[in-house]
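Report on the following structure.
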Amino acid sequence: MKTAKRKTLLILSLAIVLFTGLQFAGSDIKKTPVSTTLPFPHDVGIILKKACYDCHSNESQLLWFDKIAPASWIVSRDISDARKVLNFSVWDSLSPADQKGKLFEAFNQISLGAMPLKQYSALHPEAKLTASDITILKTYITSLVSVKTSDTSRINAANKQYDGWITTKTNTPKVKPAPNGIEYIPDFKNWKAISTSDRFDNGTMRVIVANDIAVKAIKENHINPWPNGATFAKIAWEELIDSAGNVQIGEFKQVEFMIKDDKNYEKTAGWGWARWKGMQLAPYGKTETFTQECINCHKPVKDNDFVFTLPLHLKSK
Amino acid sequence: MKTLVGLSFLSIFLLISCSKENLYNESASFADSTKITRVLEEKVITAMADRKKKTISTLYGNDIASEHARNSADHQYPSGSELSLVTWSQKEDIQWYGANIPGEIKSIEIVKYQTPDSATLEHYEGKTLQLRKTNFEISMSRIGYISGLRGAVLP
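Taken in order, these protein sequences are the chains called A and B.
Using our numbering, the final residue of the first sequence is 1122, and nothing's skipped along the way.
Using our numbering, the final residue of the second sequence is 165, and nothing's skipped along the way.
Below is the structure:
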């Protein structure tokens, strides 16, 4: 009897020592001052602070339970990942176009329910956004959309690119693979279109095309999940807008691919991701971790197998 | 009992329809009854939008037409070329605020080149894609406009 009691006491003591020891290890989330004054209207700033700042700024306001290990390790990792994606404390380091892009991405993450993270808002109910908060954010980001007509420099740039492309077909440069090893697939030009998108948020026109495996899946209603081998290319051009509101395709900007393979690409949400930019088709990303950016953006549509595009329902005839 | 069974079937049908609409852009797709679905499976030449009329269009071409548009800056399409301009009303993309995508189909205009100097226009309108008669002047003007659209750069 005495031995059993001693054993329990020993285990308990060890657990206390271990738990206390854990508190000194791991979490390194620091609260550092913000170097920039944010350009947001007052009401927008308040919403961003309450919903995003704990993870997406250097001003994390951790509550007592966030600081207890091992939970603090998860909090620490989440904050570190979040700051890499978006950090309002270094807002000034982004170009105006990237700032606008980040705000639209953040808004879509919020409106599709992916942000704030469910596990976070369950413990921090004050971070939840109301319908009115979402309207304020939507009105604000809409006000950032450019309604300017394209000037002659943009039209000339598009003409120059077109003239070069239409006359020098034989000099196609050797395209380097993406940092994750994915090779460029030039045949995407012959794939079938499944949607067209007028991206007024960033002034690009996009056509999304799909290979034969994806088209077959569309026709046979097997698109969630998409079958292995299904591949999409999203082609983006700058938009040229005239004073009458007509939008034409201008310079080619980039082409992005999603290649479904739940075994080979298991670690990247079952898809191979790649992007090539400009006429030189320069692969995007410095290391293979660039795919994290793709997955983060596509996460709100994980129930649609990470695919944003709602395809045209092509039919077998 | 009959009502109950009927209601159950109706609910199942509605559920299936809803889940399909969540995965596909059904409103922008062709109705099952239409005979010109092949248009959507041709190659893309370019795309455009009209912010005032709130429309979005994609220009498709058969192999002969797309080959020409991608390799020649002139707009002298060879015999056998077929260009199809599909125009939809725009709708907000429910998956991405900041994008407008095809909504209901408004029209399809198909330009067919019998010879490099002679082309005809077929004009279909509405969701059911009814063939509409167009007078000579309008036809000529639309053939000129559609044939004059420049192919998008595809490196």
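For glycine and all other residues, C-beta sits at the position ideal for the given N, C-alpha and C.
As the structure is a computational prediction, the values presented were derived from the model and not from experiment.
### Message
Closer than 8 Å is the cut-off here; do at least three beta carbon pairs connect the region 981–999 of chain A with the region 1036–1051 of chain A?
### Response
yes
### Query
Measuring CA to CA, which of A/Ile1054, A/Ser865, A/Thr1001, A/Ile1023 is closest to B/Asn110?
In the second sequence, residue 110 of chain B corresponds to position 100, counting from 1. Comparing Cα positions, the closest option is A/Thr1001.
### Query
Quick one: is A/Ile1137 near chain B, going by C-beta distance under 8 Å?
Residue 1137 of chain A is absent from the model: chain A starts at 806 and stops at 1122.
### Task
Give the DSSP-derived three-state secondary structure of A/Thr940 in the structure shown.
Counting from one through the first sequence, the residue named residue 940 of chain A turns up at place 135. Correct three-state label for A/Thr940: helix.
### Message
Is there a Cβ of chain A sitting closer than 8 Å to that of B/Gln105, yes or no?
### Response
Along the second sequence, one-based indexing puts residue 105 of chain B at 95. Yes, B/Gln105 counts as interfacial toward chain A.
### Query
What is the DSSP secondary structure of A/Gly850, reduced to helix, strand or coil?
Counting from 1 along the first sequence, the entry for residue 850 of chain A is found at position 45. Note: A/Gly850 maps to helix in three-state DSSP.
### Query
In the DSSP assignment, what are the bridge partners of B/Ile166?
This structure cannot settle anything about residue 166 of chain B, because the visible part of chain B is limited to 11 through 165.
### Task
Kindly indicate if chain B contains any beta-carbon less than 8 Å away from that of A/Asp1006.
Numbered from its first residue, the first sequence carries residue 1006 of chain A at position 201. It does; some Cβ of chain B falls within 8 Å.
### Query
Would the region 56–67 of chain B and the region 1049–1061 of chain A be scored as touching if the rule is three or more Cβ pairs under 8 Å?
Flag = yes, the region 56–67 of chain B and the region 1049–1061 of chain A touch.
### Beta-carbon contacts of A/Asp859 that lie in its chain and below 8 Å, excluding the five residues immediately before and after
For this step, residue 859 of chain A is matched to residue 54 along the first sequence. Answer for A/Asp859: Ser865, Gln866, Leu867, Ile884, Tyr925, His929, Ala932, listed in chain order.
### Task
Could you round the C-beta distance between B/Thr97 and B/Thr144 to whole angstroms and report it? I think they count as a contact, below 8 Å.
Here residue 97 of chain B refers to the residue found at position 87 when the second sequence is read from its first residue. Here residue 144 of chain B refers to the residue found at position 134 when the second sequence is read from its first residue. In fact, because the Cβ distance is near 15 Å, the residues do not count as touching under 8 Å.
### CB contact below 8 Å: B/Ala38 versus chain A
For the purposes of this step, residue 38 of chain B is taken as the residue at position 28 of the second sequence. Closer than 8 Å to some Cβ of chain A, the Cβ of B/Ala38 qualifies, so yes.
#### Entry: Proximal residues to A/Asn1101 (C-beta, below 6 Å), its chain only, five neighbours per side dropped
Within the first sequence, residue 1101 of chain A is the residue found at index 296, counting from 1. Correct list, in chain order: Val890.
### Task
Give the range of the beta strand (DSSP E) segment to which A/Ala1022 is assigned.
Along the first sequence, read from residue 1 onward, the residue named residue 1022 of chain A stands at position 217. A/Ala1022 -> not in any beta strand (DSSP E); alpha helix (DSSP H) instead, spanning 1017–1024.
### Query
Relative to chain B, which residues along the region 1009–1026 of chain A have a C-beta separation below 9 Å, given in chain order?
Met1010, Arg1011, Val1012, Val1014, Val1020, Ile1023, Asn1026
### Query
For B/Arg160, does the three-state DSSP call read helix, strand or coil?
Numbered from its first residue, the second sequence carries residue 160 of chain B at position 150. Looking at B/Arg160 - three-state DSSP - the assignment turns out to be coil, as it is neither helix nor strand.
### Message
In this structure, how does DSSP classify A/His861 when only helix, strand and coil are distinguished?
### Response
Along the first sequence, read from residue 1 onward, the residue named residue 861 of chain A stands at position 56. Helix at A/His861.
### Task
Can you give me, in chain order, the residues of the region 1075–1093 of chain A that have a beta carbon less than 8 Å from any beta carbon in chain B?
Met1084, Leu1086
### C-alpha gap between A/Met1063 and A/Ala902, whole angstroms
For the purposes of this step, residue 1063 of chain A is taken as the residue at position 258 of the first sequence. For the purposes of this step, residue 902 of chain A is taken as the residue at position 97 of the first sequence. Between A/Met1063 and A/Ala902, the C-alpha separation is close to 24 Å.
### Query
Should B/Asn81 be labelled buried (16 or more other beta-carbon atoms within 10 Å of its own) or exposed?
By one-based count along the second sequence, residue 81 of chain B stands at place 71. Exposed, since its Cβ has fewer than 16 Cβ neighbours within 10 Å.
### Query
Given that B/Tyr34 touches chain C, what residues does it touch there, using C-beta distances under 7 Å?
Among the protein chains of the structure shown, namely A and B, there is no chain C.
### Query
Under three-state DSSP, which class holds B/Leu93?
By 1-based counting over the second sequence, the position of residue 93 of chain B is 83. The answer is strand: DSSP assigns B/Leu93 an E or B state.
### Task
Rounded to whole angstroms, what's the CA-CA distance from B/Ile22 to B/Asn32? Just pull it up for me.
Here residue 22 of chain B is taken as the residue at index 12 of the second sequence, counted from 1. Here residue 32 of chain B is taken as the residue at index 22 of the second sequence, counted from 1. Model confidence at B/Ile22 stands at a pLDDT of 46, short of 50, so the residue's coordinates are unreliable and nothing is read from them.
### Task
Leaving out five residues on either side along the sequence, give the residues of the same chain with a beta carbon under 7 Å from the beta carbon of B/Gly90.
Looking up residue 90 of chain B in the second sequence gives position 80. Once the five neighbours on either side are set aside, the close Cβ partners of B/Gly90 are Ile74, Tyr123.
### Task
Please confirm if A/Lys1104 has its CB atom under 8 Å from at least one CB of chain B.
As a working mapping, residue 1104 of chain A is identified with position 299 in the first sequence. No, A/Lys1104 lies away from the interface with chain B (no Cβ there is under 8 Å from its Cβ).
#### Entry: Nearest candidate by alpha-carbon position, reference A/Glu1043, set A/Ala963, A/Glu1071, A/Lys905, A/Thr1096
Here residue 1043 of chain A corresponds to residue number 238 of the first sequence, with the count starting at 1. Checked all of A/Ala963, A/Glu1071, A/Lys905, A/Thr1096; the closest Cα to A/Glu1043 is A/Ala963.
### Task
Let me know the secondary structure DSSP gives B/Glu114 once reduced to three states.
Counted from its first residue, the second sequence places residue 114 of chain B at position 104. When DSSP states are grouped into helix, strand and coil, B/Glu114 belongs to the strand group.
### Message
In this structure, how does DSSP classify A/Met920 when only helix, strand and coil are distinguished?
### Response
Position 115 of the first sequence holds residue 920 of chain A. Three-state DSSP puts A/Met920 in coil, outside helix and strand.
### Query
If we cut at 8 Å on Cβ distances, does B/Gln100 have a partner in chain A?
Reading the second sequence from its first residue, position 90 is the one you call residue 100 of chain B. Yes, B/Gln100 counts as interfacial toward chain A.
### Task
Just confirm the distance between the C-beta atoms of B/Ala79 and B/Ile55, as a whole number of angstroms; I'd bet it's less than 8 Å.
Taking the first residue of the second sequence as 1, we reach residue 79 of chain B at position 69. Taking the first residue of the second sequence as 1, we reach residue 55 of chain B at position 45. Right, their Cβ atoms sit about 5 Å apart.
### Message
Relative to the C-alpha of B/Ile120, which candidate in B/Pro126, B/Glu36, B/Thr138, B/Leu95 has its C-alpha closest?
### Response
Translated into the one-based positions of the second sequence, residue 120 of chain B becomes position 110. With distances taken between Cα atoms, B/Ile120 lies closest to B/Leu95.
### Query
Going along chain B in order, which residues have a C-beta closer than 8 Å to the C-beta of A/Val1052?
Here residue 1052 of chain A refers to the residue found at position 247 when the first sequence is read from its first residue. Going along chain B in sequence order, the residues near A/Val1052 (Cβ under 8 Å) are Met58, Ala59, Asp60, Arg61.
### Task
Taking the CB atoms as reference points, tell me whether B/Gln140 and A/Asp1003 lie closer together than 8 Å.
Locating residue 140 of chain B in the second sequence gives position 130, where the first residue counts as 1. Locating residue 1003 of chain A in the first sequence gives position 198, where the first residue counts as 1. The answer is no: Cβ separation not under 8 Å.
### Those residues which DSSP pairs with A/Gly1050 across a bridge
Along the first sequence, one-based indexing puts residue 1050 of chain A at 245. According to DSSP, which records beta bridges pairwise, A/Gly1050 is partnered with nothing at all.
### Task
Using beta-carbon positions only, say whether A/Ala1203 and A/Pro1032 come within less than 8 Å of one another.
Only positions 806 to 1122 of chain A appear in the structure, and residue 1203 of chain A is not among them; the question remains open.
### Task
With a cut-off of 8 Å on the beta carbons, I'd call A/Tyr945 and A/Pro846 a contact; round off their distance for me.
Against the first sequence, residue 945 of chain A aligns to sequence position 140. Against the first sequence, residue 846 of chain A aligns to sequence position 41. The pair is a contact, with the Cβ atoms about 6 Å apart (cut-off 8 Å).
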